Ligand SMILES: NC(=O)c1ccc[n+]([C@@H]2O[C@H](COP(=O)([O-])OP(=O)(O)OC[C@H]3O[C@@H](n4cnc5c(N)ncnc54)[C@H](O)[C@@H]3O)[C@@H](O)[C@H]2O)c1
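In the numbering used here, the protein residues as written are 7 to 286.
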């Protein structure tokens, strides 16, 4: 019996997440998946990815620029795991390239709503490509089970979704890109897009009103990068109202190291309620 052809992947941005994708895709090698190339301008990141691939007995073609990777024609699928502020241009370059590439882009899609819309419009015009945003919380086993329960209808119509994340501060990233709103889209985009995605999924509706209050109260105040102090908030309360009457609430604190649960999710329907905890 003929085996399936190999699906060749390229990864753009091989920092922390890009290398996590490299490992995960290696675990799919029995499904004929291979990572064949990477693009990253940062030589230490390239080196770490190469060493990782070598530890699995694999080699990689290395590019410094994503456009060289696209022109190489080496892959059919691309994972974009570069910093948020680079997603827009990289995605537009992939989508406008003559060779079709399916794309998994790390959350968030872009840092600005207008850019997100342009990417979505451009992707819709390429019927030969699938462009997906990786919102991995949907696939965490406790959350996946919660989604199944909610979709199964045993809670009745969902009325309230409360999500609390109490955790450690933002990690250090390559060239500290995550210290500034202009690069990330802001904490509520960078960190909390997962939670707003889940609220929308549980509500089965779109948001119509948002109330929020947040500040940078504890973290990063003593850091400077090229003379600039970070501007990312480290705590917030957010209430979201959906167009079917469901309400969502987020309670974020990023100076709560040692909290028992990193995330706590509570979904309440007309006839039932489920709580989910993810442990640190
Ligand atoms: N799914 C999740 O839960 C999750 C968790 C963390 C980060 N992320 C997302 O993953 C992405 C990467 O974050 P990270 O934590 O790996 O950051 P990182 O700083 O560890 O790595 C980013 C890498 O991208 C490279 N890079 C910078 N500009 C580039 C460009 N123009 N082309 C190619 N590579 C470029 C950097 O040199 C670096 O090696 C971000 O979009 C982030 O929001 C998702």
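C-beta atoms are modelled at their ideal positions from N, C-alpha and C, and glycine is treated no differently.
Note that the coordinates shown come from a computational prediction; the quantities given were computed from them, not determined experimentally.
### Pair within 7 angstroms by beta-carbon distance, residue 186 and residue 225
For the purposes of this step, residue 186 is taken as the residue at position 180 of the chain shown. For the purposes of this step, residue 225 is taken as the residue at position 219 of the chain shown. For the pair residue 186 and residue 225, the CB atoms are not nearer than the 7 angstroms cut-off.
### Task
Pick out whichever of 200, 94 and 194 has its Cα sitting closest to the Cα of residue 144.
Residue mapping note: residue 144 aligns to position 138 of the chain shown, counting from 1. Of the listed residues, the one whose Cα sits closest to residue 144 is 200.
### Beta-carbon contacts of residue 174 that lie in its chain and below 6 angstroms, excluding the five residues immediately before and after
The residue you call residue 174 lines up with position 168 of the chain shown. The residues are 263.
### Query
Nearest CA to the CA of residue 142: which residue from 150, 136 and 135?
Here residue 142 corresponds to residue number 136 of the chain shown, with the count starting at 1. Considering only alpha carbons, the answer is 150.
### Message
Are the CB atoms of residue 107 and residue 96 within a distance shorter than 7 angstroms?
### Response
Position 90 of the chain shown, counted from the first residue, corresponds to residue 96. Position 101 of the chain shown, counted from the first residue, corresponds to residue 107. Contact flag unset, no.
### Task
Mark residue 10 as exposed unless 16 or more other C-beta atoms lie within 10 angstroms of its C-beta, in which case mark it buried.
In the chain shown, residue 10 corresponds to position 4, counting from 1. So residue 10 ends up on the exposed side.
### Message
Quick check on the burial criterion: 16 or more other C-beta atoms within 10 angstroms. Buried or exposed for residue 167?
### Response
For this step, residue 167 is matched to residue 161 along the chain shown. Classification for residue 167: buried.
### Query
Within the chosen definition, does the region 19-35 reach the region 82-89 through at least 3 CB pairs nearer than 8 angstroms?
yes
### Residues near residue 71 by beta carbon distance below 8 angstroms, same chain, minus five either side
If you number the chain shown from 1, residue 71 lands on position 65. Excluding sequence neighbours, residue 71 sits near 45 and 47.
### Query
Tell me which same chain residues have a C-beta within less than 6 angstroms of the C-beta of residue 219, skipping the five on either side of it?
Counting from one through the chain shown, the residue named residue 219 turns up at place 213. So the list reads 243, once near-sequence residues are dropped.
### Message
Let me make sure I understand the geometry here. Which of 238, 93, 113 and 255 has the alpha-carbon closest to that of residue 290?
### Response
Given a span of 7 to 286 for the chain in the structure shown, any question on residue 290 remains unanswerable.
### Query
Can you name the residues that DSSP bridges to residue 22?
Within the chain shown, the letter at position 16 stands for residue 22. Residue 22 is not bridged to any residue.
### Query
Within this structure, are the beta carbons of residue 252 and residue 269 separated by less than 7 angstroms?
Translated into the one-based positions of the chain shown, residue 252 becomes position 246. Translated into the one-based positions of the chain shown, residue 269 becomes position 263. For residue 252 and residue 269, no; Cβs fall outside 7 angstroms.
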